[in-house]
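Trainee: Protein chains in written order, with my numbering: chain A, 1 to 176; chain B, 1 to 746; chain C, 1 to 242.
C-beta: ideal position from N, C-alpha, C; glycine also.
Computed from a prediction, not measured in an experiment: that's the story for all the values here.
Okay, handing you the structure first.
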Amino acid sequence: MRRILRPVLFGVVALVLLAIPVVAILARSYFFSPTAQPAKTQPIAFPHPLHVNTLGMDCTFCHRTAATQASAGVPALEQCMFCHKVIPTTNRPNLERLVNAFNSGQPIQWARVHQMPDHVHFVHAMHINAGFQCQTCHGPVQDMTAVSQFRDLRMGDCIACHRQNNARTDCAVCHY
Amino acid sequence: MRKGAMRRRDFLKLVATSTTGAVLFTGCGIGDGDPETEFKIESPALNPVDLVYGRDNWYATACQECPAGCGLIVRVFEGRAKKVEGNPDFPVNLGATCARAQAAVQELYHPDRIAQPLRLSGARGSGDYQATSWDDALAAFATELGGARGATLIITPPLAGPLGQVVASFAEAFDAQQVAFEPEERVVLREAVRRVFGTDTLPTIDLARAEFLLNFSADFLHSWISPVQFSRAYGEFRHGRADLRGTYWHVGPQMNGSAASADRWFPINPGTEGLVALAMAQVMVAEGLVDQAAAARAYPGITLADYTPERVAETAGISAEQITELARRFAQGTPSVAIAGTTAAAHTNGLFNVAAVLALNYLVGSVGQPGGIILNPSAPFGADVPGPAAGLAYRDWAGVINDLNSGRYRLVIVHGANPVYGLPAASGLREALGQAGKIVALSSFLDDTTLQADLILPVHTSLESWGLQAPDPGPGYQAVTLQQPVVNPFVDSRAFADVLIQAASAAGGALPWESYEAVIRAAVEELRGLRRGNVEAPDAEQYFMAVQAQGGWWDSDATADEAPTAPATPTPVAEPEYAGDPGQFPLFLLPYPSNALGYGETAHLPWLQALPDPMTTAVWTTWVELNPATADRLGVETGDVVRLVTPRGSEEMPVYVNPAAHPDVAAVPMGQGHTDFGRYAKGRGVNPLNLVEPATEAETGALAWAGTRVRVEATGRKVRFPRFEGQVPAFQLEEAPIVQVIPGTH
Amino acid sequence: MTPRWGMVIDLDRCTGCQACVVACQAENNVPINTEAIYLQHRAIQWIRVERYWEGEFPNIKARYIPVPCMHCSEAPCEPVCPVYATYHTPEGINMQVYNRCIGTRYCSVNCHWHVRFFNFWEPKWPESLHNQLNPDVSVRSRGVMEKCTFCIQRINHAEQNARLDNNRPLRDGEVNTACAQACPTRAIVFGDLNDPESEVAKIANTTDRGYKVLAELGTNPSVLYLKKIDPDAPAEHGAESA
């Protein structure tokens, strides 16, 4: 009896031990990716509240192609300089960084905040033109001093919203 | 028990390791890619107005992969060229492209592109180069140039239009000799067109309105002069008219890609195309199908009565009845058109072959008529801009090679041509180049000729360059493609013409232009001065932009002058001659340009190397096609390595048993066998020109590359033969029972 | 009305030039088929040109047939996928969802046309050639099936543009696959079979040469072939004028 039991017990223990890494990987990909990212440090602490709330700028003033293209677009420094060439930079390290970068022709590398899962083709224009506000997905960016991800943005989130709004839910809309 | 404990401990250790491994894995974030780049979004300092992130732009330009000059549009995405398509407006190709045009992007981003100027650091031909700066390289070039006045040789492809103008002016400034290299049978074709139709431009075929096409050996759908233009017309010829399907018969020694589409194929012996044409003319006259006087005018100095089908039949390897049938069908066509080219021109009697066939069009009144041969007008450029010119005939290359050997040239400049590969090894050009003082190559790739250079200046590929070119053959009226850079240079290269302009200026022989772009702009401004064509604009700048946007300039009213009614210059009858004794060398060696690789100029592009040959489906290699009966006699099958022996040499390659091969012909595709041409071409396959006896065409002196006999010997070895056939099981075509599917290894 | 995408391939126009093959590879990030891959019989060609011999020398003919995915309405590849990675879109396209695929290859076994390809190796390009890759198309990794998508990235893009443009319907000719666009003889015509005014529907509805490959399997392919006319064969069509 014991001669049979021992190998069986070994087998069970072995299977459980082998399953741990698999479960760990699956759990990690479910709970940690790609949503729920902490707010990231940006090379320039861009104050959205100042530009949107105080100065009353529209999102598409800088993210110009949000309503017409797949990508919303991050403006070139040139565009910042339309205004910032006349705004004093003394003792404002963020602005100094901007002006220096522009003058030396160095691009600014922003940390990406909203990261879609892999294998998705997302088109901003379709969503804006369906009447959604940017805030529906991005949250109250106008009040965030440091932008962080607002929604889950995983497939379940997309599908739930697509269903509510009678949008297409077949795979090839996003995956190809 | 002890044993068991050991086992358990080992096992636990193993599990522990793997668990730790998995946890480490997770901790490192495997699967997230490289966070350094993937999670960054870049704000550039400046943003060109036409660059929108995530959106593509399409720019019109011109194709340079072969001399046909098709119009292209190129998809550019965030500064990178992604996809080439045909320019739907441009009259030569009307939106279509061939396989080679599609691969232009691979040339641009080729991993083995020369990225900076190189200076030879080892022995010539060793391929040892050291990178140098443009300033140093240009200074070195200018020094050589200044010291080699009257002793400079410039080798390019035939250059017409503004680029030809710059090079001619450069050659004049430094008293240099300019020679052009192109596939030798084109030299013959151009001379034949000049004699038969009296034009320097190549004619086009109005297939869309023709009823019967008789083609002698030209691979006009895949590789001959302007395949996309002809393919577009071919589609219309077959099914563009509701009530009429054009009929196409093919006469030639090989079922090439075009012959495969023919309704009937008449296999003949290589080089007898002209004789068959004469016999057809004789039948047509004898049977009263055509006007006798017209026949006498079409074949001046030839007694047609001497060329009865019975007399020609044996030489041509075709029955007299078949010749009669061909003649009757040709005379019946409403209208008929006859063309000849590719291997027909590559014989010792190539000129006669092509001229005799082209003259058939006079017999049925198809010259300059709808559905016939449409002559092209000259290009709409100024008088100082060179028109289309033929390359140098082989006979004249011999003179150049002699001069090289005698040390006449202190400087050789090579651009866009690879004569070391494209002329037979027997020419001795490679060795002769060794006698040149200095060789400067302006090239994007280290090919067979560039490899001989002392100094290499990297030049733009076609998608980075300016250019203005009149397609030859044109669409039947004046048309010009504008080539514009669709992306910024990918490597530290410069435009060929700009390098000439800069070097000339440094060497004290300044050319009258600042840059090549200025030359193009001036030429477009001259087009504006003509006050006709597709583009209208109020001023020069807008006019230029409109031409850029449309991809060219054309005027469908600017057709050729009235077509002649008879050949301008007679061409005497000549029978084909073959190098090699038929007893010793029983087969005809028939090299032929490949669909994808052409004459080897696109062998460096992996898409084209991997593209199955239309007939054999072979890829990445060189092979010899043998008829099943011939292969049986030799005891070989597909994949067996054979030795091809000609009076000039021998080469080994695998056999492809081709059921459509002529029993007396051993056909070998050109394109492979490069000593260097990037990782995808280097050391791959065999150049069939190594086997060719350098006999020349009697009248033009061009190389008769199809005029050599060959003996095929089995070696007893076998290789795995890369081909597409057999990758998937075949299935039956509707109502077309498959009689034979070559057994592949399923 | 929802479109049903379809294709007509006229075998009497096709000359076997293979422009479609390269155009497809360029558009869809198909890995380079190296010599080794050919020798392994693992070449990937979403559209291929097959060549058949008919007869014996000298009365021999070569016939070409370009074969993309047939996009069958009742596709045999779809029900066998254990993870629903291959499915049918409402617009009649047989799609492969790469991120679902676990590489069982059942679909490829069940496809009679052999137009599904498995990535036996990680696709590799030299670094500089990455610049050519189409950003609109996923690069498929090792262990994943791939196949012709009727250039769905182009269809999606055109549909999005039409919706952004006052939600107008798609116009015929607005979407074209890479193979049809390149074809020098216009042998390949692509479009919406549900739109009676589209070129592809007009040809499909009026031709007397149409047939579908392996139609007897009852899968209702979306690719219609037009027979090659052979004037020497016992005549069925009166098109030969001689």
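Can a CB atom of chain C be found closer than 7 Å to the CB of residue 659 of chain B?
Mentor: At least one CB atom of chain C sits nearer than 7 Å to the CB of residue 659 of chain B.
Trainee: Comparing alpha-carbon positions, which option in C/176, C/108, C/117 lies nearest residue 31 of chain C?
Mentor: C/117
Trainee: Take residue 111 of chain C as the anchor and find which of C/24, C/94, C/191 has the nearest alpha-carbon.
Mentor: A check of alpha carbon separations from residue 111 of chain C across C/24, C/94, C/191 identifies C/94 as the nearest.
Trainee: Going by C-alpha to C-alpha distance, which of B/273, B/377, B/635, B/427 sits closest to residue 798 of chain B?
Mentor: No answer is possible for residue 798 of chain B: the residues shown for chain B start at 1 and end at 746.
Trainee: Considering only residues of the same chain and omitting the five flanking positions on each side of residue 611 of chain B, which have a CB-CB separation below 8 Å?
Mentor: 99, 595, 596, 619
Trainee: May I ask you to report which of helix, strand or coil DSSP gives residue 85 of chain A?
Mentor: coil
Trainee: Determine, using beta carbons only, whether residue 57 of chain B comes closer than 7 Å to chain A.
Mentor: no
Trainee: Can you tell which of B/162, B/187, B/299 has its C-alpha closest to the C-alpha of residue 383 of chain B?
Mentor: B/162
Trainee: Tell me which residue opens and which closes the beta strand (DSSP E) that residue 632 of chain B is part of.
Mentor: Here residue 632 of chain B belongs to no beta strand (DSSP E); instead the alpha helix (DSSP H) covers 628–634.
Trainee: Would you verify that the beta carbon of residue 138 of chain C is, or is not, closer than 7 Å to some beta carbon of chain A?
Mentor: yes
Trainee: For the region 68–88 of chain A, list every residue whose C-beta sits within 9 Å of some C-beta in chain C, in sequence order.
Mentor: 68, 70
Trainee: Check whether the Cβ atoms of residue 87 of chain B and residue 551 of chain B sit closer than 7 Å, and answer yes or no.
Mentor: yes
Trainee: Could you name each continuous beta strand (DSSP E) segment of 3 residues or more that falls completely within the region 485–514 of chain B, going from the start of the chain to the end?
Mentor: none
Trainee: Give the residues of chain C in contact with residue 209 of chain B, contact being defined as C-beta atoms less than 9 Å apart.
Mentor: Ordered by position in chain C, no residue passes the 9 Å Cβ test against residue 209 of chain B, which lies about 14 Å from the chain.
Trainee: Flag residue 164 of chain C as yes if its beta-carbon sits less than 7 Å from any beta-carbon of chain A, otherwise no.
Mentor: yes
Trainee: For a test of the three-state rule: what should DSSP assign to residue 210 of chain C, helix, strand or coil?
Mentor: Residue state, collapsed to three classes: strand.
Trainee: Mind listing the chain A neighbours of residue 225 of chain C? Cutoff is C-beta to C-beta under 8 Å, in chain order.
Mentor: Result: empty, since nearest Cβ-Cβ is about 25 Å, beyond 8 Å.
Trainee: Look at residue 62 of chain C and residue 45 of chain B and say whether their C-beta atoms are less than 7 Å apart.
Mentor: no
Trainee: Report the residues of the region 263–296 of chain B with a CB closer than 9 Å to any CB of chain A, ordered along the chain.
Mentor: none
Trainee: According to DSSP, residue 336 of chain B sits in a beta bridge with which residue or residues?
Mentor: B/212
Trainee: Determine contact between the region 700–711 of chain B and the region 571–579 of chain B, defined as no fewer than three beta-carbon pairs at a distance below 8 Å.
Mentor: yes
Trainee: Could you confirm whether any beta carbon from chain C is found closer than 7 Å to the beta carbon of residue 26 of chain B?
Mentor: Bear in mind that a pLDDT of 36 at residue 26 of chain B, under 50, signals an unreliable position, so the number given afterwards is only what the model happens to contain. Taking Cβ atoms only, chain C never reaches closer than 7 Å to residue 26 of chain B, which makes this a no.
Trainee: Any idea which residues DSSP pairs residue 156 of chain B with across the strands?
Mentor: B/180
Trainee: How about residue 290 of chain B and residue 331 of chain B: do their beta carbons lie closer than 7 Å?
Mentor: yes
Trainee: Whose CA, out of A/137, A/46, A/24, A/76, lies closest to the CA of residue 154 of chain A?
Mentor: A/137
Trainee: Would you tell me roughly how many angstroms separate the C-alpha atoms of residue 320 of chain B and residue 231 of chain C, rounded to the nearest one?
Mentor: 22 Å
Trainee: Could you name the residues of the same chain whose beta carbon sits closer than 8 Å to that of residue 14 of chain A, not counting the 5 residues immediately before and after it, in chain order?
Mentor: none
Trainee: Flag residue 46 of chain B as yes if its beta-carbon sits less than 7 Å from any beta-carbon of chain A, otherwise no.
Mentor: yes
Trainee: Taking the straight line between their C-alpha atoms, what separation do you get for residue 263 of chain B and residue 115 of chain B?
Mentor: 49 Å
Trainee: Name the one or two DSSP bridge partners that residue 363 of chain B has.
Mentor: Answer is none; residue 363 of chain B lacks a bridge partner.
Trainee: For residue 84 of chain C, count neighbouring Cβ atoms within 10 angstroms of its own Cβ and tell me buried if that reaches 16, exposed if not.
Mentor: Using a 10 angstroms sphere on the CB of residue 84 of chain C, the tally of other CB atoms stays under 16, which defines it as exposed.
Trainee: CA-CA distance, residue 33 of chain B and residue 191 of chain C?
Mentor: Residue confidence for residue 33 of chain B is low, a pLDDT of 44 falling below 50, so the modelled location carries little weight; the figure read from the coordinates is stated next. Straight-line Cα distance between these residues: approximately 38 Å.
Trainee: Just checking, does the region 295–302 of chain B make contact with the region 242–249 of chain B on the three C-beta pairs under 8 Å criterion?
Mentor: no
Trainee: Give the secondary structure of residue 49 of chain A by DSSP, where H, G and I count as helix, E and B as strand, and everything else as coil.
Mentor: helix
Trainee: Mind checking whether the beta-carbon of residue 95 of chain C lies closer than 6 Å to any heavy atom of the ligand FMN?
Mentor: Within the structure as shown, the ligand FMN is missing, as the structure has no ligands at all.
Trainee: With 7 Å as the threshold, decide whether the Cβ of residue 238 of chain C is near any Cβ in chain B.
Mentor: With a pLDDT of 41 at residue 238 of chain C, under the threshold of 50, the predicted position of this residue should be treated as unreliable, though the coordinate-derived value follows. For residue 238 of chain C, the answer is no, since every Cβ of chain B falls outside 7 Å of its Cβ.
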